[in-house]
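Mapped onto this note's numbering, the consecutive letters of the sequence shown carry residue numbers 667 to 834.
Structure, as structure tokens:
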Amino acid sequence: MLSQKVQEAINKQINNELSASYTYLAMSAYCEHENFAGCAKWLRLQSQEEYGHAMRLFDFLLARDGKIALRAISEPNIKFKSLTHVFETALEQEQSTTAEIDLIYELAHNEKAFAALVEMQWFITEQVEEEKTAREIVAKFHLTKDDPAAILDLDRELASRAPDKGGA
Ligand code: FEO
Numbered sequence: 667m668l669s670q671k672v673q674e675a676i677n678k679q680i681n682n683e684l685s686a687s688y689t690y691l692a693m694s695a696y697c698e699h700e701n702f703a704g705c706a707k708w709l710r711l712q713s714q715e716e717y718g719h720a721m722r723l724f725d726f727l728l729a730r731d732g733k734i735a736l737r738a739i740s741e742p743n744i745k746f747k748s749l750t751h752v753f754e755t756a757l758e759q760e761q762s763t764t765a766e767i768d769l770i771y772e773l774a775h776n777e778k779a780f781a782a783l784v785e786m787q788w789f790i791t792e793q794v795e796e797e798k799t800a801r802e803i804v805a806k807f808h809l810t811k812d813d814p815a816a817i818l819d820l821d822r823e824l825a826s827r828a829p830d831k832g833g834a
């Protein structure tokens, strides 16, 4: 049985992942509205991926006989200055997620919650990939230097993202 502290931390992270899903959805809506369908598609898929992360933790907590406590999801910011700003915000969000995951890993370690430790290991690996991808996209937007042709090329590139096979 997981300790109350670990259960609380996982419940909080379920909320964080759902909040991230909601934020990516807001970003997707902004891009769609600005007629950048490729960015919108990429962000919508990312929103689904974050939902998958939340559900992975949800299933883990139930499998360990834990108690789910769903909390309110705060309203995401919907005002962005540019596409670059959208992806810079995405990168910041991923960096915050990494810090949150690290804290849960540390807590699981201190509480000797070994199953949770293994579960959080998956998230640590995932965050390395998520941050790297976001950082690369931000770098590409910086390279476009607001050149419309370059931005449209990048939008086309982002449109090629395929849904994740693993569902998480
Ligand atoms: Fe669920 Fe983007 O981390």
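The C-beta atom is built at its ideal place from N, Cα and C for all residues, glycine as well.
If you measure from the CB of residue i, is any heavy atom of ligand 1 nearer than 6 Å?
i    : result
T689 : no
H699 : no
E795 : no
T763 : yes
H751 : no
E772 : no
E760 : yes
E716 : yes
Can you tell which of the options has the C-alpha that lies nearest to the C-alpha of residue i?
i    : options                : result
R737 : N677, T763, T791, Q793 : N677
L709 : N681, E698, G718       : E698
A765 : E700, M786, N701       : M786
I817 : R801, V784, E683, S748 : S748
I744 : L691, M667, I680       : L691
I803 : I790, L783, A825, F789 : A825
S762 : Q679, S669, A828, L773 : Q679
E792 : E716, M693, Q673       : E716
F726 : V784, L773, A706       : V784
L668 : H775, P829, T799, E796 : H775
A608 : L723, A695, T689       : Since the displayed the chain opens at 667 and closes at 834, residue 608 lies outside it and no answer follows.
Could you check what DSSP says for residue i in three-state terms: helix, strand or coil?
i    : result
S669 : coil
R822 : helix
E674 : helix
I734 : coil
S748 : coil
A828 : coil
P814 : helix
K806 : helix
K778 : coil
F789 : helix
N743 : coil
Below 8 Å on the Cβ atoms is my guess for residue i versus residue j; work out the distance and round it to an integer in Å.
i    : j    : result
I770 : A675 : 5 Å
D821 : G704 : 4 Å
With three or more beta-carbon pairs closer than 8 Å as the criterion, would you say the region 804–820 touches the region 743–762? yes
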